[in-house]
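Peer 1: Under this note's numbering, think of the first position of the sequence shown as 27, with each following residue one higher.
A virtual CB, placed ideally from N, CA and C, is assigned to each residue, including glycine.
Here you go, one structure.
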Amino acid sequence: MKQVFSVLMMLLSLLIGFQQAILVMHFKLNQVAIEKAFCVNKNKPEMQCHGICHLKKQLQKMENSDSDSIGVYQRVDMLPISSTEFETRRLTVEIWNGIPMYKEVHYTEPYREIFVPPPIA
């Protein structure tokens with residue numbers, strides 16, 4: 027129940043933040059219908075308004091309503107908290123196949139093939 031409520035509150039806060047984008051997207055999708063129904067400049071096709079006057083009015087009205095409501099509410103900081111639990115597994119890997127990883131060489135007499143420069147006298 028807490029997760030559903032927190033997701034709902036986050037979605038609502040995102041919708042509030044994207045109000046202007048949603049309004050412009052709605053205008054672009056329904057521009058022809060808005061132009062026929064609400065455009066003030068229908069009789070002046072040389073202005074090529076195409077309903078943008080209505081969009082400007084809506085954006086202006088939204089700005090005015092936002093500025094009026096800012097003084098009424100206090101600022102609320104939201105901190106999203108996630109309670110995700112990860113399943114832990116204990117993995118054991120055994121690589122021993124009976125062959126030693128290294129081999130020690132034991133010399134019984136000096137190894138004479140190593141170049142040693144003559145001493146300086």
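How is Glu61 classed by DSSP in three states: helix, strand or coil?
Peer 2: In the structure shown, Glu61 sits in a helix (DSSP, three-state: H, G or I).
Peer 1: Out of Met35, Lys28, Leu85, Met27, point me to the one whose CA is closest to Val102's CA.
Peer 2: Ranking Met35, Lys28, Leu85, Met27 by Cα distance to Val102 puts Met35 first.
Peer 1: Within 10 angstroms of the Cβ of His132, are there 16 or more other Cβ atoms? Answer buried if so, exposed if not.
Peer 2: The residue is exposed, with fewer than 16 neighbouring Cβ atoms inside 10 Å.
Peer 1: What did DSSP end up calling Ala147 once you bin it into helix, strand or coil?
Peer 2: DSSP places Ala147 in coil when its eight states are reduced to three.
Peer 1: When the Cβ atoms of the stretch 74-92 are set against those of the stretch 48-61, are three or more pairs found closer than 8 Å?
Peer 2: With the cut-off at 8 Å, the stretch 74-92 and the stretch 48-61 touch.
Peer 1: Quick check: the Cα distance between Ser109 and Val30, rounded to an integer number of angstroms?
Peer 2: Spanning the two alpha carbons is a distance of roughly 13 Å.
Peer 1: Under a Cβ-count criterion, where at least 16 other Cβ atoms within 10 Å of its own Cβ denotes burial, should Gly16 be classed as buried or exposed?
Peer 2: Since the first and last residues shown for the chain are 27 and 147, residue 16 lies out of range.
Peer 1: Note down the Cα distance separating Lys129 from Pro145, rounded to an integer number of angstroms.
Peer 2: Whole-angstrom Cα-Cα distance: 33 Å.
Peer 1: To the nearest angstrom, how far is it from the Cα of Gly124 to the Cα of Leu117?
Peer 2: Computed Cα separation, rounded: 22 Å.
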